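The number in our numbering is simply the position in the sequence shown, starting from 1, with 741 added. Virtual Cβ for every residue (Gly too), placed ideally from N, Cα, C. Source: prediction; values computed, not measured.
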Amino acid sequence: MDKQGQNLKAVTYQDIVELRDFMEKMASWQEPLAILDHFFQFRSGPINKKRIVKEYYARAQMFHAFYEDYNRLIGLGDELVMEMVRAEKVGTGFEVRKMDLE
742 MDKQGQNLKA
752 VTYQDIVELR
762 DFMEKMASWQ
772 EPLAILDHFF
782 QFRSGPINKK
792 RIVKEYYARA
802 QMFHAFYEDY
812 NRLIGLGDEL
822 VMEMVRAEKV
832 GTGFEVRKMD
842 LE
């Protein structure tokens, strides 16, 4: 066996908490996005133009809030991932060294 074991990245508890918070913030958009999805689904039958205009304005405001929050959260998620990538490597204690095998 010539292979050496790979070192693992140290992931701090703070990194885990930040990632969990990030995922909760992303998940918080599930219900508003379901409302938007329902609004934009094709409907058959008579169309109430006044109601559609009113709903369109409200949904546009909701989408704009989502869009801004989504862009902010994507940037935050990228930062979290980069921090984890740059994290210090730690040994597992199971590394196999070539000299140990001889």
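- The beta-carbon distance between L821 and L760, rounded to whole angstroms, is 6 Å. This is short enough to meet the 8 Å contact definition.
- Its chain contains no residue whose beta carbon lies nearer than 6 Å to that of A799 once the 5 sequence neighbours on both sides are disregarded.
- Distance check between F807 and each of R792, R784 and W770 places W770 closest, using alpha-carbon atoms only.
- Boundaries of the alpha helix (DSSP H) harbouring A775: Q771 to F781, taken from the DSSP string.
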